[in-house]
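Residue numbers (my numbering): 796 to 1129. No residue lacks a Cβ here, since even glycine has one placed at the ideal position from N, Cα and C. Each remark here refers to the structure printed beneath this line.
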């Protein structure tokens, strides 16, 4: 089962393994010279065009090979919550923060990166046309920042990808329609999955759309996780932490499905902070540029996941401004 625990963050750096468990060992802006990626769902260039298939029902496989012909050990980065504090505030969009995060990610030679939602904030009082224009302007800034990574960057949907910033909206929502162009799922659903081959087995990435949840996505998620139960690693990216079932009642349904399956890592954000409980597979990193919930404790930053030769996943939280490690721990596979 996906062992979930979300209580308090640990602070164990200097290469220590604070917690460990045993287990079996959409495309994007830019591409790295050592990888080739194809998926159902992609972040686009700043023009808003999409290179993905726009299909959320399929599964694609991506791999990269080293000089020996074998795929390298998996290495990816993740963050979430990159939006202004006030709606339609393009002048204060946290592009410079995201620039620093992407630059630090690039220093670690990641093969891909994930974002767990909330890339914009529009005013619910806007007309649909004005909201779409505001969303597109903010997403262009976001896309410009992540293009500098030179590697695939995958986006999950957050509640601010809905026109009224609500807990639930559906395909056809004016703002979600714009976001899906950048996500690479336009014409389909805002959730997707893809596989990446590693020397120690398949890593399956599953992107859940918390705030577009319905019976169709519920069936898709259960079906998808049933398939990925046989993978060496299942990495789930969503926006809402497992504990929040008050603001997002449908999150309980999601977590019931996730809890019935295997996963190595559950990534989310929404709370504009960092949380990880010792022994837990859930990591909340909402440090992508939105106002910090705990500015005296947290700093804008990102997580780095590195596959170890023994099959573990080493997770390190980095402060983007200094590119220094804040926390580090090791988890097992599925």
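Examine chain C for any beta-carbon lying closer than 7 Å to the beta-carbon of residue 1063, and answer yes or no. Chain labels in this structure do not include chain C; a single protein chain is all it has.
Which residue comes first and which comes last in the alpha helix (DSSP H) that contains residue 1114? As a working note, residue 1114 is residue 319 in the chain shown. In the DSSP assignment, residue 1114 falls outside any alpha helix (DSSP H) and lies within the beta strand (DSSP E) extending over 1108-1114.
Environment of residue 1106 [buried if 16+ CB atoms lie within 10 Å]: Stepping through the chain shown from its first residue, residue 1106 is reached at position 311. Buried.
For residue 1018, count the other beta carbons within 10 Å of its own beta carbon; 16 or more makes it buried, fewer makes it exposed. Which is it? As a working mapping, residue 1018 is identified with position 223 in the chain shown. Residue 1018 counts as exposed, since fewer than 16 other C-beta atoms from the protein chains shown sit within 10 angstroms of its C-beta.
Uninterrupted alpha helix (DSSP H) stretches inside the segment 909-991 (no shorter than 4 residues): Those alpha helix (DSSP H) runs which fall completely within the segment 909-991 and span 4+ residues are 923-942, 969-978.
From what residue to what residue does the alpha helix (DSSP H) around residue 1011 run? The residue given as residue 1011 occupies position 216 in the chain shown. Per DSSP, residue 1011 belongs to the alpha helix (DSSP H) from 1010-1023.
Inter-residue spacing [alpha-carbon to alpha-carbon] between residue 1130 and residue 1082: Residue 1130 is absent from the structure shown; the chain starts at 796 and stops at 1129.
Residues of its chain near residue 1096, where Cβ-Cβ distance is below 6 Å and the 5 sequence neighbours each way are ignored: Against the chain shown, residue 1096 aligns to sequence position 301. The beta carbon of residue 1096 lies closer than 6 Å to those of 1082, 1113, 1114, 1115 in the same chain, with the five residues before and after it left out.
Give me the DSSP bridge partner(s) of residue 1031. Walking along the chain shown from the start, residue 1031 turns up at place 236. Answer is 1001, 1061.
Leaving out the 5 sequence neighbours to the left and right, which residues in its chain are closer than 6 Å to residue 1008 when beta-carbon positions are compared? As a working note, residue 1008 is residue 213 in the chain shown. 1045.
Does DSSP classify residue 841 as helix, strand or coil? Taking the first residue of the chain shown as 1, we reach residue 841 at position 46. Any reading at residue 841 must be qualified, since the residue scores a pLDDT of 36, below 50, and its modelled position is unreliable; the value itself is stated next. Correct three-state label for residue 841: coil.
With C-beta atoms as the reference, is residue 1121 less than 7 Å away from residue 1109? Walking along the chain shown from the start, residue 1121 turns up at place 326. Walking along the chain shown from the start, residue 1109 turns up at place 314. Not in contact: residue 1121 and residue 1109 (Cβ atoms no closer than 7 Å).
Between the Cα of residue 1004 and those of 1028, 1064, 883, 1093, spot the shortest distance and give me the residue it belongs to. By 1-based counting over the chain shown, the position of residue 1004 is 209. Among 1028, 1064, 883, 1093, the Cα nearest to that of residue 1004 belongs to 1064.
Using CA atoms only, rank isn't needed, just tell me which of 1057, 1062, 1127, 1102 is closest to residue 1074. Position 279 of the chain shown holds residue 1074. Taking only the C-alpha atoms, the option nearest residue 1074 is 1127.
Can you list, in chain order, the residues of its chain with a C-beta nearer than 6 Å to that of residue 998? Leave out the 5 residues immediately preceding and following it. Translated into positions along the chain shown, residue 998 becomes position 203. Hits under 6 Å: 869, 991, 1028.
Could you spell out the range, first to last residue, of the alpha helix (DSSP H) harbouring residue 892? As a first step, residue 892 is located in the chain shown; it is residue number 97 there, counting from the start. Its alpha helix (DSSP H) spans residues 890-902.
Look at the alpha carbon of residue 921 and the alpha carbon of residue 972, and state the distance between them as a whole number of angstroms. Working through the chain shown from its first residue, we reach residue 921 at position 126. Working through the chain shown from its first residue, we reach residue 972 at position 177. One C-alpha to the other measures close to 16 Å.
Using the three-state DSSP reduction, which class does residue 1094 fall into: helix, strand or coil? Counting from 1 along the chain shown, the entry for residue 1094 is found at position 299. If DSSP states are grouped into helix, strand and coil, residue 1094 belongs with coil.
Any idea if residue 919 is buried or exposed, counting beta-carbon neighbours within 10 angstroms, 16 or more meaning buried? In the chain shown, counting from the first residue as 1, residue 919 sits at position 124. Residue 919 comes out exposed.
Which value, in whole angstroms, describes the spacing of the CA atoms of residue 1022 and residue 1052? To locate residue 1022, count along the chain shown from 1; it is residue 227. To locate residue 1052, count along the chain shown from 1; it is residue 257. The straight-line gap from Cα to Cα measures roughly 13 Å.
Are residue 897 and residue 934 close, meaning C-beta to C-beta below 7 Å? For the purposes of this step, residue 897 is identified with residue 102 of the chain shown, where counting begins at 1. For the purposes of this step, residue 934 is identified with residue 139 of the chain shown, where counting begins at 1. Judged by their CB atoms, residue 897 and residue 934 are not nearer to each other than the 7 Å cut-off.
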